[in-house]
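Residue numbers for the sequence shown follow numbering that gives the first Met the number 0, beginning at 0 and rising by one. For each residue, glycine too, the CB sits at the ideal point set by N, CA and C. Here the structure is laid out as structure tokens; the discussion comes afterwards.
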Amino acid sequence: MKPRVFIDGEAGTTGLQIASRLMARSDIDLLSINEAKRKDADARAAIMKKADAVILCLPDDAARLAVSLVENPNTVIIDASTAHRTSPGWVYGFPEMDRGQRAAIAASARISNPGCYPTGFIALVRPLIVSGLLPPDWLVTVNAVSGYSGGGRPMIAEFETRETEDNFRIYALGQTHKHTPEMKKHAALAHAPMFLPSVGRFEQGMIIEVPLPLWALPKKPKRAAVHAALKAAYQGETFVKVTGLAEGDALKTLGAEGCNDTNRMELYVFGNDDQARLVARLDNLGKGASGAAVQNLNIALGLDESAGLLE
Numbered sequence: 000m001k002p003r004v005f006i007d008g009e010a011g012t013t014g015l016q017i018a019s020r021l022m023a024r025s026d027i028d029l030l031s032i033n034e035a036k037r038k039d040a041d042a043r044a045a046i047m048k049k050a051d052a053v054i055l056c057l058p059d060d061a062a063r064l065a066v067s068l069v070e071n072p073n074t075v076i077i078d079a080s081t082a083h084r085t086s087p088g089w090v091y092g093f094p095e096m097d098r099g100q101r102a103a104i105a106a107s108a109r110i111s112n113p114g115c116y117p118t119g120f121i122a123l124v125r126p127l128i129v130s131g132l133l134p135p136d137w138l139v140t141v142n143a144v145s146g147y148s149g150g151g152r153p154m155i156a157e158f159e160t161r162e163t164e165d166n167f168r169i170y171a172l173g174q175t176h177k178h179t180p181e182m183k184k185h186a187a188l189a190h191a192p193m194f195l196p197s198v199g200r201f202e203q204g205m206i207i208e209v210p211l212p213l214w215a216l217p218k219k220p221k222r223a224a225v226h227a228a229l230k231a232a233y234q235g236e237t238f239v240k241v242t243g244l245a246e247g248d249a250l251k252t253l254g255a256e257g258c259n260d261t262n263r264m265e266l267y268v269f270g271n272d273d274q275a276r277l278v279a280r281l282d283n284l285g286k287g288a289s290g291a292a293v294q295n296l297n298i299a300l301g302l303d304e305s306a307g308l309l310e
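Written out as structure tokens, the structure is:
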């Protein structure tokens, strides 16, 4: 039998994106619930009982409740919310994060999908800490901009109906963004980073930047050493691409939408031997959300990891 997959919350932005990546596939059976019953706990529990894997595309509290509806401990749950990203017993669904992460995902029935901003941030910072180039207690700053689809339906409606005339805005001004706990934990930092998120008037795509004063770091690494650490960390990976230094230096600008509709994440090391500007570019709806969920699903079910995904 083909594995049966249910998306709980398939009518939301992330759920629709996941469904679009799964519906044409012949290696799974995609289960669906009657629209009139998608908030009926008994109906959802009944369909979850039939599923081999459940993908949760729900607000945090609703996701926690949904987990309680799954009776079979072997049913794979992939939670796209923030609810379980630092929880014991849940594996963080970033396969490229460590060499053993993919195997941990494959062996787990409880997988927490990473946030879009943390995906880029962790990809840039963790290899530098693991390699010893960046101290875990360093004060790390991350600047980032995302398309408005990252804010869900309310923000999408706000921008698309011209309820707002903002072309660019900063937010989370109180430094309490819900992504910082997973950034700290999975980047292996001793302290939460200074996180400065923003949103622009474009639907999807994102850029995450980490400035590093190389001259001030204890080991005073050269830019080439930083680049080499990233290159080594993602050698052979399909979806994480570390751009060559010469190729990056040839660029005059970098837009946020270059990875849209793919599961690709591009990493860059701009700057010089005194100051490095680390950049990650990805689709906030792709590798930053729905694409990552499908990649995790494929790994957890023993399917082709790239199935349904574009590089």
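Next on the checklist: Using the Cβ count rule (16 or more neighbours within 10 Å means buried), how would you classify Trp137?
Outcome noted: buried
Item to check | Inter-stretch contact at 8 Å, needing at least 3 Cβ pairs: the stretch 97 to 104 / the stretch 156 to 173 | outcome: no
Next on the checklist: Quick test of the definition: if touching needs 3 or more C-beta pairs under 8 Å, does the stretch 44 to 59 touch the stretch 79 to 92?
Outcome noted: yes
Next on the checklist: What does the alpha-carbon distance come out to for the pair Ala52 and Leu68?
Outcome noted: 13 Å
Item to check | Buried versus exposed call for Arg161 [16 or more other C-beta atoms within 10 Å across all chains shown] | outcome: exposed
Checklist entry - Are there 16 or more other CB atoms within 10 angstroms of the CB of Tyr170, so buried, or fewer, so exposed? => result exposed
Item to check | Collapsed DSSP secondary structure at Ile169 in the structure displayed | outcome: strand
Item to check | Close Cβ partners of Leu21 (< 7 Å) along its chain, the five nearest in sequence each way excluded | outcome: Val4, Ile27, Leu29, Val293, Gly307
Next on the checklist: Considering just the uninterrupted stretch of the beta strand (DSSP E) at Trp267, what are its terminal residues?
Outcome noted: According to the sequence displayed, residue 267 carries Tyr and not Trp. First-last of the beta strand (DSSP E) with Tyr267: 264 to 270.
Checklist entry - What distance in whole Å lies between the Cβ atoms of Asp282 and Gly204, which are believed to be in contact at a cut-off of 8 Å? => result 6 Å
Checklist entry - Near Ala232, which residues of its chain fall below 7 Å by C-beta distance, leaving aside the five closest residues on each side in sequence? => result Pro126
Item to check | First through last residue of the alpha helix (DSSP H) which encompasses Arg280 | outcome: No alpha helix (DSSP H) holds Arg280; the beta strand (DSSP E) holding it covers 274 to 281.
Next on the checklist: According to DSSP, simplified to helix, strand and coil, what is Pro212?
Outcome noted: strand
Checklist entry - Considering only C-alpha positions, which residue in the set Asn262, Ile207, Ile17, Ile155 is nearest to Leu253? => result Ile207
Checklist entry - With Arg263 and Lys240 assumed to form a contact (beta carbons below 8 Å), what rounded beta-carbon distance in angstroms separates them? => result 6 Å
Next on the checklist: With a threshold of 8 Å, are at least 3 pairs of Cβ atoms found where one atom belongs to the stretch 110 to 129 and the other to the stretch 177 to 192?
Outcome noted: yes
Checklist entry - Straight-line CA distance for Asn33 to Glu9? => result 11 Å
Next on the checklist: Let's see if you can read the secondary structure: which residues bound the beta strand (DSSP E) around Arg109?
Outcome noted: 109 to 111
Item to check | Residue range of the alpha helix (DSSP H) that includes Arg3 | outcome: Not the alpha helix (DSSP H): Arg3 falls in the beta strand (DSSP E), residues 3 to 7.
Checklist entry - Taking one C-beta from the stretch 191 to 200 and one from the stretch 211 to 230 each time, how about it: are there three or more such pairs within less than 8 Å? => result no
Checklist entry - If you count every other CB in all the chains shown that lies within 10 Å of the CB of Pro87, and 16 or more means buried, which is it? => result exposed
Item to check | Counted within 10 angstroms of its Cβ, other Cβ atoms place Gly301 as buried (16 or more) or exposed | outcome: exposed
Checklist entry - Just the Cα atoms here: how many angstroms apart are Val278 and Gly151? => result 24 Å
Next on the checklist: Going by C-alpha to C-alpha distance, which of Ile77, Ala187, Gly290, Ala224 sits closest to Leu309?
Outcome noted: Gly290
Checklist entry - Which residue's Cα is closest to the Cα of Leu336: His185, Leu195, Tyr267, Phe194? => result Since the displayed the chain opens at 0 and closes at 310, residue 336 lies outside it and no answer follows.
Next on the checklist: Mapping the DSSP letters down to three states, classify Phe201 as helix, strand or coil.
Outcome noted: coil
Checklist entry - Beta carbon of Ile54, beta carbon of Ser31: below 9 Å? => result no
Item to check | Arg276 versus Gly173: straight-line alpha-carbon distance, rounded | outcome: 25 Å
Checklist entry - According to DSSP, which residues form a beta bridge with Met193? => result Thr140
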